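A short worksheet on the structure shown next.
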Amino acid sequence: AKKQPTISKFFAPG
Amino acid sequence: MFEARLVHGNLLKKVLDAIKDLLTEASWDCADSGIQLQAMDNSHVSLVSVNLRAEGFDKYRCDRNLIMGMDLTSMSKILKCSASDDIITMKAQDNADTVSFIFESPSQEKVSDYQMKLMNLDQDHLGIPETEYACVIKMPSGEFARICRDLSNFGENIVIACSKEGVKFSAAGDIGTANVKLAQTSSVDKEEDAVVIDMQEPVTLTFACRYLNMFTKATPLSPQVSLSMHPDVPLVVEYAIGEIGQIQYFLAPKIGD
Chain A
674 AKKQPTISKF FAPG
Chain B
168 MFEARLVHGN LLKKVLDAIK DLLTEASWDC ADSGIQLQAM DNSHVSLVSV NLRAEGFDKY
228 RCDRNLIMGM DLTSMSKILK CSASDDIITM KAQDNADTVS FIFESPSQEK VSDYQMKLMN
288 LDQDHLGIPE TEYACVIKMP SGEFARICRD LSNFGENIVI ACSKEGVKFS AAGDIGTANV
348 KLAQTSSVDK EEDAVVIDMQ EPVTLTFACR YLNMFTKATP LSPQVSLSMH PDVPLVVEYA
408 IGEIGQIQYF LAPKIGD
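Structure follows, in structure tokens:
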């Protein structure tokens, strides 16, 4: 099954 | 001193309806340019960004930058005390630990004043990179809500595939499969009924229905929604907030098999 990554995997803190 | 007065107070109620299922608490950043909110849902799978421009308000004053941490369930309860045609004013003193919501009836004969405690929230702020999206789909917001709701009956995911032929929404599960195809509209009587696809390259991504359905709570804000997609990048679902701003939802795509 496909996995659900978190949004912070794509957007860095800043 | 912070003061923001909105004759179309109903817009603020609709914004709260659009975020309260996804976020329990969030900070409103008030500055001279307007009010912004950015927060992730509890599972950190999606990010909500609300932007309300100062010039969209009927009166706006923000002497010093102010961060107002709020329990959104409480804020929603207070806004439910206003009538749909009330004028809504938010007011706070510098360094205050409360915010006031003032509701005025259009005739000015009834004025209500509610105060709410502010919270100190320690929330991560994420930097959203500028992205040239490979596909941008503009479509009626009601149609998008309908498709998300219908396809949720088939599985927990929706596959959105955008190509030059149009956009296809698909779901599959125990009871079978579902496919909804939308082609770009050739001519429409009303602009809000149009489906417009701006495609640089085809993109297919998979998203969790649960989040898409929560984003569609923003449907009453705008007759149109825009979906921006790019390979291996979060989807952006954007609704205009009247003439005063916009709400954007970012959703991480599902990956791997």
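Protein chains in written order, with the numbering used here: chain A, 674 to 687; chain B, 168 to 424.
Glycine residues also receive a C-beta, built at the ideal position from the N, C-alpha and C atoms.
A quick note: this is a predicted structure, and the numbers were derived from the prediction, not measured.
Contact of residue 294 (chain B) with chain A by beta-carbon distance below 9 Å involves 684, 685, 686 and 687. Residue-level contact check: residue 341 (chain B) does not touch chain A, since none of the beta carbons of chain A fall below 9 Å from its beta carbon. For residue 222 (chain B), the secondary structure class from DSSP, reduced to helix, strand or coil, is helix. Among the bridge pairs identified by DSSP, residue 217 (chain B) is matched with B:204 and B:414. Exclusion of the five residues before and after residue 249 (chain B) leaves 176, 180, 255, 268, 270 and 279 as the residues of its chain whose Cβ lies within less than 8 Å of its Cβ.
Exclusion of the five residues before and after residue 361 (chain B) leaves 352 and 355 as the residues of its chain whose Cβ lies within less than 6 Å of its Cβ. One alpha carbon belongs to residue 219 (chain B), the other to residue 312 (chain B), and they sit about 23 Å apart. If the five residues before and after residue 251 (chain B) are omitted, its C-beta is found closer than 6 Å to the C-beta atoms of 177, all from its own chain and listed in chain order.
Residue 207 (chain B) belongs to the set of residues whose beta carbon lies under 9 Å from a beta carbon in chain A.
Between the segment 394-403 of chain B and the segment 193-202 of chain B, the count of C-beta pairs closer than 8 Å stays below three; the two stretches do not touch. Looking at B:420, B:410 and B:421, the one whose alpha-carbon comes closest to that of residue 223 (chain B) is B:410.
Interface annotation for the segment 335-369 of chain B against chain A: empty, criterion Cβ-Cβ distance under 8 Å. In this structure, residue 363 (chain B) lies away from residue 318 (chain B), with their beta-carbon atoms at least 9 Å apart. Judged by beta-carbon spacing, residue 226 (chain B) lies beyond the 9 Å limit of residue 168 (chain B), meaning their Cβ atoms are not closer than that value. Among the bridge pairs identified by DSSP, residue 271 (chain B) is matched with B:254 and B:278. Rounded to the nearest angstrom, the gap between the Cα atoms of residue 349 (chain B) and residue 309 (chain B) is 14 Å.
Measuring C-alpha to C-alpha distances from residue 674 (chain A) to each of B:412, B:374 and B:282 identifies B:374 as the nearest.
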